[in-house]
Amino acid sequence: MSFNLISITLVAIALAMDAFSVSMTKGFTQKNITKPQILYYGLFFGGFQALMPILGYFCGNAITSIVETLASVIGFVLLLAIGLNMIRESLSSDGEDVSDEFSFKEVTLLAIATSIDAFAVGIAIALLKDSILISAAIIGVVAFAFSIAGIFIGKKIGDYVGDKFQILGGVILILIGIKILLGF
């Protein structure tokens, strides 16, 4: 059994859903996001989604159970910390717009947290003896596209709802972290 083009594309879409959700959150919380920043989000999310299966592919089967356990905990902790920070900033802002800051550290942590599942997919690809480069490229391109789309959709939602939407963004990140931790 192996992944065909349709199968890997469906896997890529499933993997990109967390990146899409987080990107949507950034779209409605970061009011003055620029085109280069949107591109950074797409490149970071797509890049990490492509890199993680490659890492998983080369790590192979030996550490599967350890990695699966730690990966969900790491993803949860990262998203919980970022989500709680968003909520804290929103509640303490007193009308100031603190969510407009762009941070390479934050986008990197978000990209890592949302791409950990792709590591396990890389292990599966190795076990199936499929080509990792084609699969990783498809996964990365899909995550890139979904991230960009998520930001634009989130921006439209944020324009209608208003400033305190950052609280909902923080809650969404925490819920995604719980989903990762519980393995849904």
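Quick note on numbering: our numbering labels position 129 of the sequence shown as 284, and the sequence is numbered without any gaps.
The beta carbon of each residue, even a glycine, is placed where N, CA and C say it ideally should be.
Is E261 helix, strand or coil when you go by DSSP?
helix
Give the straight-line distance between the Cα atoms of V232 and G332, rounded to the nearest whole angstrom.
7 Å
Buried or exposed: which applies to T184, given that a residue is buried once 16 or more other Cβ atoms fall within 10 Å of its Cβ?
buried
Is it right to say T189 is buried, meaning 16 or more other beta carbons lie within 10 angstroms of its own, or is it exposed?
exposed
Does the stretch 271-291 come within contact of the stretch 190-202, defined as at least 3 CB pairs closer than 8 Å?
no
What is the DSSP secondary structure of S286, reduced to helix, strand or coil?
coil
Take I163 and list the residues in its own chain whose beta-carbon comes closer than 6 Å to its own, dropping the five residues that flank it on each side.
S290 and I293
Compare the Cα-Cα distances from T269 to each of L246, L160, M207 and K186 and report the closest residue.
M207
Unbroken alpha helix (DSSP H) run spanning G338, endpoints:
Where G338 is concerned, there is no enclosing alpha helix (DSSP H), given that its DSSP letter is neither H nor E.
Quick check on V177: buried or exposed, where buried means 16 or more other Cβ atoms within 10 Å of its Cβ?
buried
With a threshold of 6 Å on Cβ separation, who are the neighbours of G305 within its own chain once the five nearest residues in sequence on each side are excluded?
F175, S178 and M179
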